[in-house]
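Some notes on the structure that comes next.
2 protein chains.
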Amino acid sequence: MATGRTHRPATRSRGIPEATVARLPLYLRALTALSERSVPTVSSEELAAAAGVNSAKLRKDFSYLGSYGTRGVGYDVEYLVYQISRELGLTQDWPVVIVGIGNLGAALANYGGFASRGFRVAALIDADPALTGKPVAGIPVQHADELEKIIRDNGVSIGVISTPAGAAQQVCDRLVAAGVTSILNFAPTVLTVPDGVDVRKVDLSIELQILAFHEQRKAGEEAVGKGPLPQTAAGRDESADQGPDGDVPAVMPA
Amino acid sequence: MATGRTHRPATRSRGIPEATVARLPLYLRALTALSERSVPTVSSEELAAAAGVNSAKLRKDFSYLGSYGTRGVGYDVEYLVYQISRELGLTQDWPVVIVGIGNLGAALANYGGFASRGFRVAALIDADPALTGKPVAGIPVQHADELEKIIRDNGVSIGVISTPAGAAQQVCDRLVAAGVTSILNFAPTVLTVPDGVDVRKVDLSIELQILAFHEQRKAGEEAVGKGPLPQTAAGRDESADQGPDGDVPAVMPA
DNA sequence: GGTTGTGAAACGATTCACAGCT
DNA sequence: AGCTGTGAATCGTTTCACAACC
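Protein chains in written order, with the UniProt record's numbering: chain A, 1 to 254; chain B, 1 to 254.
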């Protein structure tokens, strides 16, 4: 292979590691809380504790964004909030559609965190005619037939799929064909999408299974005889196995 | 992770990498689908495609479990389903409680995938007296005052928190004090737990923010045309940027 | 022939540790 | 004196590529 994987711009660092990107929302949340308490500056140590990571990692993460701190002092809270928001693209408005208004879809529509941070629920879509026109979270559900029109009229580029697994790929295809390029998938299915479309998935039962694995191991260790508990000093440890990413279920629309 | 130093039994490799553990549920789901279609064997290539990962990774993952395949043939579907289930601890029954029966909690209670795979919703708990006794998904909601008793009476070791952020840490503390050692947290808050307790978190708005980051970047590249690669037709490589991990096929309970 | 299982190489992320600035 | 920013070391994960085996 002469060409190889062309991906490094080589010039300047627009290359923020994926692991860092995934933590930026965490920092943003901690910073927003500080901002609301009118805290003016914060050290990497304090902010890291609030976000549940360690301080070296946080400083490294921020170093990819630029030099936004002051040595000997810390970071300006407001300024950092702005910089991270901008980096994440949250200074603009993102209209999203939710397809599949069952239990989960309704829960998502009602979820405050959605609206709070640059995201706006532009439409709720379901295939069940009985739901059409019914307001959920104050937004009337529209019929799936309108999907393409809704996407285009609202300039939607992010779609949330909370349909049953069986419908997910089909819905996904239609979203993509209509112009959606980012999908958050709650249906327990592998979605196949064209190049250039991002999919993130959230699956409740996978998270539970991962927990069960560790739980089982704990039980095993305990039984096999080393101390009932590995004997730990600290009551609170920073790295208490926060999960990487999330998960949630899919629910029947009926 | 959470557990203390004690981790290498020194004997044999009970050290399955965390990344592998996180993928086992994906394989399991793909295998279950194959099993339902009565497919007897499957190659790493086919199974990897169904699970949305690449085959080398899948083989490496399986190699940590042991040698369960047959060279030149592939893997026996039923046998693998059993082995992975066992490894994940799904051959036993895991009673779970859901605390916080709002929109999301109700959606979780109704989620079929919960019951389908070794997990049993032992109780629904909420602090609102108006909900007490009201059935959700056929299970009557119990009042938060009963939490400790419920945990102990049912031998619950896994708890799901779907309360508002403000209540999450307090609920978490009570769950842990009552004996819960694995927590799935849907509240947008960092939970602090003692050593030996696993927490996995699921945060819908974080997922959206990560999508927004990539979305913004796409828009930027498109508009500015700051082409790091003036040529090169395709934008992305092989993987269409799935989420934290691959994706999965459907099991769909009843 | 086909496919697994696995060392070794490549890659990416985390942690260390300290120079450099306030 | 205190804290950031970052090279360098370390650790974990993915990918390669092929020997072992059916």
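Glycine included, each C-beta is placed from N, C-alpha and C at the ideal position.
As a quick exercise: from L211(A), R117(A) and G15(A), pick the residue whose alpha carbon is nearest that of L208(B).
Ranking L211(A), R117(A) and G15(A) by Cα distance to L208(B) puts R117(A) first.
Alpha carbons only, please: which of R86(A), A165(A) and V197(A) is nearest the one belonging to V99(A)?
Nearest of R86(A), A165(A) and V197(A) to V99(A), Cα basis: A165(A).
Report back the beta-carbon spacing between L47(A) and A22(A) to the nearest angstrom; my notes put them in contact at under 8 angstroms.
The pair is not a contact, with the Cβ atoms about 17 angstroms apart (cut-off 8 angstroms).
Can you name the start and end residues of the beta strand (DSSP E) that R185(A) belongs to?
A small correction: the amino acid at residue 185(A) is Asn; Arg does not occupy that position in the sequence shown. Counted as a single uninterrupted DSSP element, the beta strand (DSSP E) harbouring N185(A) occupies residues S182 to N185.
Same chain, Cβ closer than 7 angstroms to D93(B), neighbours up to 5 away in sequence not counted
A distance below 7 angstroms between beta-carbons, with the five flanking residues on each side excluded, links D93(B) to the following residues of its chain, in chain order: G118 and R120.
Quick check on DSSP: helix, strand or coil for T41(B)?
The answer is strand: DSSP assigns T41(B) an E or B state.
Quick check: what's the CA-CA separation for D173(B) versus L34(B)?
So the two alpha carbons sit approximately 41 angstroms from each other.
Using a threshold of 8 angstroms, state whether the C-beta atoms of residue 297(B) and G52(A) are closer than that.
Coverage of chain B is limited to positions 1 through 254, which leaves residue 297(B) absent and any answer about it impossible.
S157(B) to V180(B), Cα distance in whole Å?
In a straight line, the C-alpha of S157(B) is about 4 angstroms away from that of V180(B).
Under 8 angstroms by beta carbon: chain A residues contacting G52(B):
Scanning chain A for C-beta atoms nearer than 8 angstroms to the C-beta of G52(B) yields V190, reported in chain order.
Proximal residues of chain B, C-beta to C-beta of L65(A) below 8 angstroms
Result: empty, since nearest Cβ-Cβ is about 12 angstroms, beyond 8 angstroms.
For V197(A) versus V176(A), is the C-beta spacing smaller than 8 angstroms?
Taking 8 angstroms as the Cβ cut-off, V197(A) and V176(A) qualify as a contacting pair.
Contact belief for Y79(B) with Y68(B) at Cβ below 8 angstroms, rounded distance in angstroms
With 8 angstroms as the limit, Y79(B) and Y68(B) qualify as a contact, their Cβ atoms being about 6 angstroms apart.
Checking contacts by CB at 8 angstroms: is F213(A) closer than that to chain B?
Residue contact with chain B for F213(A): present (Cβ-Cβ distance below 8 angstroms to some residue of chain B).
Taking all protein chains shown into account, decide if P188(A) is buried (16 or more other Cβ within 10 angstroms of its Cβ) or exposed.
P188(A) comes out buried.
Can you tell me whether D76(A) is helix, strand or coil according to DSSP?
DSSP, reduced to helix, strand and coil, places D76(A) within a strand of the structure shown.
Once you ignore the five residues that flank D132(A) on each side, which residues in its own chain have a CB closer than 7 angstroms to its CB?
Checking the displayed sequence, the identity of residue 132(A) turns out to be Thr instead of Asp. Correct list, in chain order: V141, Q142 and H143.
For G74(B) and E45(B), I'd like the C-alpha separation in whole angstroms.
Per the coordinates, the alpha-carbon of G74(B) lies some 9 angstroms from the alpha-carbon of E45(B).
If you compare alpha carbons, which of A19(B), P40(B), P17(B) and A50(B) is closest to L28(B)?
Considering only alpha carbons, the answer is A50(B).
Please confirm if V171(B) has its CB atom under 8 angstroms from at least one CB of chain A.
Not an interface residue.
Using DSSP's beta-bridge definition, name the partner residues of V136(B).
Bridge partners of V136(B): I139(B).
Straight-line CA distance for E18(A) to A19(B)?
Separation of E18(A) and A19(B) (C-alpha to C-alpha, rounded to the nearest whole angstrom) is 16 angstroms.
I need the straight-line Cα distance from Y82(B) to D76(B), nearest angstrom please.
Between the alpha carbons of Y82(B) and D76(B) lies a gap of roughly 10 angstroms.
In the UniProt domain "CoA-binding" (89 to 190) of chain A, which residue ranges form an unbroken alpha helix (DSSP H) of at least 4 residues, counting only runs that do not cross its ends?
Taken in chain order, the complete alpha helix (DSSP H) segments of 4 residues or longer contained in the UniProt domain "CoA-binding" (89 to 190) of chain A are 103 to 110, 112 to 116, 147 to 154 and 165 to 178.
For S38(A), count the other beta carbons within 10 Å of its own beta carbon; 16 or more makes it buried, fewer makes it exposed. Which is it?
Exposed, by the Cβ-count rule.
Roughly how many angstroms lie between the CA atoms of S43(B) and L108(B), to the nearest whole one?
The alpha-carbon atoms of S43(B) and L108(B) are separated by roughly 34 angstroms.
I need the straight-line Cα distance from L124(B) to V199(B), nearest angstrom please.
Using only the alpha carbons, I get a separation of about 19 angstroms.
If you reduce the DSSP assignment to three classes, tell me which class T70(B) lands in.
Looking at T70(B) - three-state DSSP - the assignment turns out to be strand.
Mapping the DSSP letters down to three states, classify V199(B) as helix, strand or coil.
V199(B): strand per DSSP, three-state reduction.
Just to confirm before moving on: does the CB-CB distance between I183(A) and I161(A) stay below 8 angstroms?
By the CB criterion at 8 angstroms, I183(A) and I161(A) fall inside the cutoff.
CB contact check: S182(A) to chain B, cutoff 8 angstroms
Answer yes: the Cβ-Cβ gap between S182(A) and chain B drops below 8 angstroms somewhere.
Terminal residues of the alpha helix (DSSP H) in which P25(B) lies:
Start and end: E18 to E36.
What's the C-alpha gap between V193(A) and P95(A)?
Taking the straight line from one Cα to the other gives about 21 angstroms.
Are the Cβ atoms of residue 255(A) and I84(A) separated by less than 8 angstroms?
The question about residue 255(A) has no answer, for chain A in this structure spans 1 to 254.
Would you mind working out which of Q216(A), D61(A) and A122(A) sits nearest I151(A), comparing C-alpha positions?
In terms of Cα proximity to I151(A), the closest of Q216(A), D61(A) and A122(A) is A122(A).
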